[in-house]
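Data first, discussion second: the structure below is written as structure tokens.
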Amino acid sequence: MHQFYVTDLQQSDTNEKLGHFQFLVTFADKTKCRIFYDKNPDWKISSVTRLLTVPCPICRRDYYCSCLDRFTDEIHREIQDSGLLPE
0 MHQFYVTDLQ QSDTNEKLGH FQFLVTFADK TKCRIFYDKN PDWKISSVTR LLTVPCPICR
60 RDYYCSCLDR FTDEIHREIQ DSGLLPE
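According to numbering that gives the first Met the number 0, the residues represented by the sequence shown are 0 to 86, in order.
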């Protein structure tokens, strides 16, 4: 199992009326991804998209893949445990 260590979380877009939030996440291995969250009333990841800055840490491809979709629960847990989500 792959372990993700979130080092940075930046909010990039929001629609508070609908409860949609978009964040840019940086992991310890410099992988970056865009995470779409829904807050209704609890935070839940709706989508994860890896930004093509470095190869995928799982399959090592340098083009689009959906590997991070399999790890949304682990990524969400790491973000919550780090206390990076806004209230």
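Virtual Cβ for every residue (Gly too), placed ideally from N, Cα, C.
Values in this document were obtained by computation on a predicted structure and should not be read as measured data.
Beta-carbon contacts of residue i that lie in its chain and below 7 Å, excluding the five residues immediately before and after
i     : result
Phe20 : Gln10, Thr13, Tyr36, Lys38
Val5  : Val24, Phe26, Glu77, Ile78, Ser81, Leu83
Burial state of residue i, where buried means 16 or more other Cβ atoms lie within 10 Å
i      : result
Arg49  : buried
Cys32  : buried
His100 : Outside the shown range of the chain (0 to 86) lies residue 100, about which nothing can therefore be said.
Leu67  : buried
Proximal residues to residue i (C-beta, below 6 Å), its chain only, five neighbours per side dropped
i     : result
Leu83 : Leu8
Lys29 : Val53
Phe70 : none
Residues bridged to residue i [DSSP beta-bridge criterion]
i      : result
Asn14  : His19
Leu26  : Leu is not the amino acid found at residue 26; the sequence shown has Phe there. Partner(s): Val5.
Cys123 : Because residue 123 is not part of the residues shown, which for the chain are 0 to 86, the question remains open.
Cβ-based neighbour list, residue i, same chain, cut-off 8 Å, excluding 5 preceding and 5 following
i     : result
Pro54 : Arg60, Asp61
Gln2  : Glu73
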